[in-house]
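Asker: Below is a structure I'd like to ask you about.
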Amino acid sequence: MQLFSYIILNKYHRKSLKREMNNHLPNVNTYNFVEVDDGFGSPDDSESYQYYDDAVWQKPQLDENIPDLTPMFELLSLSKNPPQVTNMPNISISESEYQLCQFSYSNPANFLQGPEPIECVVINVAHLEQFPKAASPYSATLPCIFSWFDAHTAFSSEYPTIIQSYFKTAYNSLKTQLRFFFSIAPSQDRLNNLKSIRKEVLTGRVMFHYIGYGFPDIDKKNIWCSDRRSRDFTPFKLETLFESLRPPTLYLFDCNNAAAAIIEFKATAEKLKSTQYQSTTANPINSFNYMSNNMNNNMNNGMNNNMSMSVNIMDSNYNNFNVNWDDWLCIGATGIDEELPDDHRLPRDFLTSTILTPIKMAVICHILQYYRLNLVNPSFPLDPPCEHLWNDKKQESARLSIALAAITDGIASDTLPKELYLKIFCGDRETSVLFRHFLLAQYLLRPYRIHPCSYPEIPDLSIHPMWRQWPNILDTAICAVSIPRPVISIDIFARATASFDVLIHHDQFSLIKPYHLTLLYHSLLSEEVHSNTNSNGNCNTNPNTNSMSTMNINQNFSSNDQALMLLAEYAMNPQSDPKMLVATTIFPLLFIKLLSKEEKSPVFYPLCCLILALLYHKPEFSYDIPKDVGKSTNFPLIVFNRDLPEQTRIAVAAIVATLVVSHETFQQICTSIHYLERVRIELSGCQPTIAVWLMLTVRRAFYLYSPDPASFIDNGLHIQATICAKSDAPEERAAAISMLTCFMRPFECKSNIQLMLMAISSVFNDASYIVRFHFVLLLKKFLMSYDNFSGISKTVYNLNDTSYKTLYQSIFGEHNANSDFKNNCDYDSFSQIDDLMHEDGISDKAYAIALSLLYILASDPHPSVKNLSRTVIQFLSKQKAAFEIPIDEFGSQQSFQNSSSRDYDQQIVSYGDDEFEAEHLSFASLDQNDSLHHIMLRSFVVKNQSTNKSPKIGEFPNDGYRIKLSNDPILFVDFDSKSGTIAAATRNTVYFVDSKQQIFNYNIDHSHISDIKLINNSNTEVTRCPYILFSTTDGSVHEWRPPQIFLQNSFRADLRIEKTGKLFLSVGGSPQNTKNSKNNDTQQINNSDNNIHSKSNQNDHSDIALVVTNNGNISQWSISKLRMTNIEISTKIKPYSIDIENSSKIILTDGNKIMEIDRNSKKTMEFILNKGSPIQNIFKRNGNIYSVLQNGAVFQNQNEHWIEILPKTANKIICSSMSNKMIALCFENKSPSLFDFKGNLLKEFDSISFGVSCSLHKNESWFAAGDFDGNLFLCHY
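As numbered in the UniProt record's numbering, the sequence shown has no gaps in its residue numbers, which increase by one up to the final residue, 1277.
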């Protein structure tokens, strides 16, 4: 309490104290420490730190030597290129995943929790002397059963000892660590002192167990107490009891008229909440605490916050503001004015006996109901004929317990609202056991017309159809007394398995209910009982606890794999109900099963899939695994077993990557030198999917701290990650960048600089926004490693953003200016990094480069990349507020040219004043972004989900059609006759029309559309729905796949941030599938046709997009790989129109002259056409260049001579298109017309008024056009 008060009282003095300390900084001396633990890695880093003599804390300055990269290739036998891709992952982004910033690591404390665990039990019972006396000599001979002893024959002096021993044993079978407070014949003072319990039990739930036998019936307001075991009882208010114990609490009233207590508690809670609210409005400090507590209550599903209670419990007035008066539970034996059954064969504490000894009560009630004449003897039930049925050490009792748990849990999951079921039956284990036994009490008391009650209210479930199984199970058990006992619990589970099998394999998923899944899960517990039963039939586990941590994970379980197979099949089926699946799951049991299975077992992979599905739908499951489970497991090493199928290894790696954050053993293995070495070896030869998961295991294992550089430098793991960052798979590149990020130290050091340069060399021109997003995270961590003690001077480093080639050269050296820019992984990039690392002032230069790249990425077309970059810049600006020229905040769009000329200050204040502390913590949490892990896990679990309104593919109607798309002019048109689809665009909207004339659209608000292309996504065997590439005037290219309402991908093809630049798109020819080459390069440009050849043979559509920027730079991008390939040509003209023929020749014009470029030799030819009118469009068909002038004239170039095909007209040409045999012209004031190459008019499209855009199919007789009024036309000629 003193510490808490100190923090509050001194909160407002921190800033002045900090400034005073800064004004009296001590002199600096340098000390070298051989072993210093920096808190982020191994203590044997051999680092040199700089400290002030009497400073409390200073950030370290590292002076280190790191090895060059190029010698390590030969030293470690590293490959210079990524492994050959034979299985390209097909991973797409869903709508919910588009915003990548949302996937930050979630602290388990923020997960919604169920009831707090029971920590204390208060037992309130009457004394033996207060029990009612026998009414007659005959009744005195009958047993009076209380706590399973005969009260008529017990001694008064032994009664307290018997009671305490009974309840301690019974409750400890549920939970071993409990505190007990016994109130036997409590007095008024004893009950008033109950409030002191909260001073001793600071956290957790207090359980008040009241047994009414021996007391008068409770009334609407009171229970009863007495002095010195007398029969003169005085009332004690239920209101006082409720307020004294204070929630979180659990009440059990085993008495007549028990429902009256619940009614009174509800009224009391409302009264206390009202008083609490009125007090908070009068006291601002209490109001703040009250609102904070309510916020915690909402976050924890109505449960109180442990920390606030433990701190404030010492002050009762203050504590009342931090109590959630709704956080109480109650179980009552009877309804209003109801009385417990008066049968001397039944315990007087009926509900207590049912809760604490459920199997014994169930068997006794069943015998009394069905076998009273032949099995009930005079001493029954104290001397029953089948005592083995409730002997905890017997297998039969354990099986009955499992069957009962399965039935009650199945009834609850099938009937109760999801929120109530999760709160009561899936939270604290002891609470769930109590409420499952409460359902049994409902069933047992139904014949007596008694209705147990509860809060939260649980309806009467005693007539649920699943209870029909229970009498049959008991009959089998009771009748098997003198003969070998069968496995009585198998019947219910076998029937459940058979029923579920029929439903799932007949696609009747709508008939699957929660109890089906519950029974399958509980059937797995029967294996545990069987495997822990010795030869004498004794069970070595406690069936009442069902503790997952007590199972022997090394034991070979009996075969019940069918249930696991069915659960896995259901989990991976798109028709399954994930909410129902996770609500009924016993996750720790499944994890233990997984550790016990052989990896080559047929059920191993399905079980992995089931666990991954559960972890995807409910990540909190990872924190449900007991700490002692899997302590000696080597499960993470299974991924390196190449004898297993690749899909099994992928599933294992995915489980390890998902659980490594929470599982201590997994984390220890994945951070070991041995594991990192094996990861590096595996990455050198594995496929992208398993490579991604392996790198995620490393990335997530180091989610809180950075490894010792020796752990990845000595084995070359950082080099292998850089090689993987050049993979054809975007996901692998993103994972590699993420792993390089986790290798960075939290303070300035040369290894950070080397890692950053390695990342830049790999992905600085990446087209995948997932890769760019993780690249920004790397830049962020690198920039934040600099601090104000590093002594870095102000440095300006301007990058040439004319093209990606010039950008690369400005970073890695102008000596490459005359060489061809290559994006392939090669030896030179590592040698260039080595050269940079030996330069003087590399620290200053690296910081300036990172900051400049961050400014480029601050104008990225993807919102997550852009916003994250701007967030980093804004944060750095705030941290640099004390310097002469701070970095400007991004209040509006800012060009890179302006930013690159700034005098950047390199000194960052890593820890600001109080007003920045919260922001600093939030900013630091960005390092734990889990977007890639979430996307990969979703792609593994959720596959092939279709939408209700998906585009249809087919054929065009024979007579064409006309569709109204917009009120704005249709500026661009493209179509695909194979799928019967059309793409069109206005200034700000892209449209897609499928074969059934369904219209899909996507709006652009940040710039204007400059070109579109409809990409045929088909091969010769399968016709798929095309997708659209379109460019915008801000220099970006976007990929849209209808019916998505988001962009599948976006990237910047023009680094110059302009709003008026025009970007041209042209799609290359279909790639040819070739046999695997011995060359290790994963992508090549064939000199004959310039097509990209992928060894995975996965590219079954036109994969190459040529992009021509407004300044004449031509770049080539792979659509499937989302990266720039090894061609980038710079021209000296500003293009107005472009065309491509056979993927080998590019022609472009600036309106006056024409340039032809050979993509192989990069040789150029220029043609001049001086005909008095600017060129509107150019085409190349059959080896000839055709030029369409704005005045309507059309010329053909033959042997460098221009021949007129069509003369000029009075109407200006707006748009033109050319097939292999004819040309279409759209006029300003005339309908579009179709001509052959001899100038003959073939057709005039009178139905189209004035065309704005048009498109001709190269080989088929289809023509599409858009007009000024937003109409789209499709015509067959």
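Beta carbons are placed, not taken as given, at the ideal position from N, Cα and C, and that holds for glycine.
1) If you compare alpha carbons, which of T722, C255 and A412 is closest to T334?
2) Could you tell me if the beta carbon of I1248 falls within a distance shorter than 6 Å of some heavy atom in the ligand HEM?
3) Report the CB separation of H1276 from D959 in whole angstroms; it is logged as a contact under 8 Å.
4) Let me make sure I understand the geometry here. Which of A858, P969, R680 and E200 has the alpha-carbon closest to that of G716?
5) Once the 5 residues before and after A651 are set aside, which same chain residues still bring their CB inside 7 Å of it?
6) Alpha carbon to alpha carbon, how far is G630 from P216? Give it in angstroms, no decimals.
7) Thinking just about the alpha-carbon of each residue, which of P514, R345, D392 and Y370 is nearest to the one in L416?
8) Give me, in chain order, the residues of the same chain whose beta-carbon lies closer than 7 Å to that of residue 1278; leave out the 5 immediate sequence neighbours on both sides.
9) With distance defined between alpha-carbon atoms, name the residue in W1202, Y1136, R700 and Q647 nearest to P89.
10) Taking the straight line between their C-alpha atoms, what separation do you get for T249 and W325?
11) If contact is defined by three or more beta carbon pairs under 8 Å, each pair taking one atom from either stretch, is the segment 171-191 in contact with the segment 78-88?
12) Which residues in the same chain have their Cβ closer than 6 Å to the Cβ of D1269, if we skip the five residues on either side of it in sequence?
13) May I ask you to report which of helix, strand or coil DSSP gives G791?
14) Compare the Cα-Cα distances from F265 to each of F233, L615, P1232 and L329 and report the closest residue.
15) Excluding five sequence neighbours on each side, which residues of the same chain lie with their C-beta closer than 7 Å to the C-beta of F103?
16) Does the segment 1145-1157 come close enough to the segment 746-765 to have 3 or more Cβ pairs within less than 8 Å?
17) In terms of alpha-carbon separation, which member of F975, A1224, L921 and S1161 lies closest to K1177?
18) Let me know the secondary structure DSSP gives V629 once reduced to three states.
19) Three or more beta-carbon pairs under 8 Å between the segment 495-508 and the segment 558-574, yes or no?
20) Among A701, F747, I402 and A691, which has the Cα closest to the Cα of K726?
21) R229 to Q130, Cα distance in whole Å?
22) Taking 6 Å as the limit between beta carbons, can you name the residues of its chain near L1274, skipping five residues before and five after?
23) Could you tell me how far apart the beta carbons of P951 and T981 are, in whole angstroms, since I believe they sit closer than 8 Å?
24) If you reduce the DSSP assignment to three classes, tell me which class M744 lands in.
25) So, do the segment 190-207 and the segment 120-135 have three or more beta carbon pairs nearer to each other than 8 Å?
26) Go ahead and pull the three-state DSSP assignment for V487.
27) How far does the beta strand (DSSP E) with Y210 in it reach, from first residue to last?
28) Which of helix, strand or coil does DSSP assign to K1163?
29) Taking the alpha-carbon positions, what's the K781 to R733 distance?
30) Should N1271 go down as buried or exposed, given a rule of 16 or more other Cβ atoms within 10 Å for buried?
31) In terms of alpha-carbon separation, which member of K1171, A759, D834 and N1197 lies closest to G1183?
32) Taking the alpha-carbon positions, what's the D1011 to H1257 distance?
33) Checking 7 Å against the spacing of the C-beta atoms, do E1260 and S995 come in under that value?
34) Do L525 and I402 have their C-beta atoms closer together than 7 Å?
35) Taking Cβ positions, are H344 and L128 nearer each other than 7 Å?
36) In whole angstroms, what separates the C-alpha of M1124 from that of N322?
Answerer: This is what the structure gives:
1) C255
2) The model depicted lacks the ligand HEM and carries no ligand whatsoever.
3) 7 Å
4) R680
5) Y605, C608, C609 and L612
6) 53 Å
7) P514
8) What is shown of the chain runs 1 to 1277, which leaves residue 1278 out entirely.
9) Q647
10) 10 Å
11) no
12) Same-chain partners within the cutoff: there are none.
13) Because G791 carries a pLDDT of 47, less than 50, the predicted location of this residue cannot be relied on, and no value is offered for it.
14) L329
15) N929, D930, S931 and H934
16) no
17) In the sequence as presented, Lys is not what sits at residue 1177; that position holds Asn. Measuring from the Cα of N1177, the nearest candidate turns out to be A1224.
18) If DSSP states are grouped into helix, strand and coil, V629 belongs with coil.
19) Taking a cut-off of 8 Å for Cβ pairs, the segment 495-508 and the segment 558-574 touch, as three or more such pairs fall below it.
20) Minimum Cα-Cα distance from K726 among the listed residues A701, F747, I402 and A691 corresponds to A691.
21) Going from the Cα of R229 to the Cα of Q130 covers about 6 Å.
22) Taken in chain order, the residues that qualify are G960, Y961 and A1264.
23) Your pair P951 and T981 checks out as a contact, with CB atoms roughly 7 Å apart and the cut at 8 Å.
24) coil
25) Using a Cβ-Cβ distance cut-off of 8 Å, the segment 190-207 and the segment 120-135 are in contact, since at least three pairs of beta carbons, one from each stretch, lie closer than that value.
26) For V487, the pLDDT reaches just 47, beneath the cut-off of 50, and the residue's location in the model is therefore unreliable, leaving the point undetermined.
27) Here the beta strand (DSSP E) through Y210 covers R205 to I211.
28) Correct three-state label for K1163: coil.
29) K781 and R733: Cα-Cα distance of roughly 18 Å.
30) buried
31) N1197
32) 17 Å
33) No, these two residues do not count as a Cβ contact at 7 Å.
34) Yes, the pair counts as a contact, with Cβ atoms nearer than the cut-off.
35) Pairing H344 with L128 gives a Cβ-Cβ distance that is not under 7 Å.
36) Taking C-alpha positions only, M1124 is separated from N322 by approximately 59 Å.
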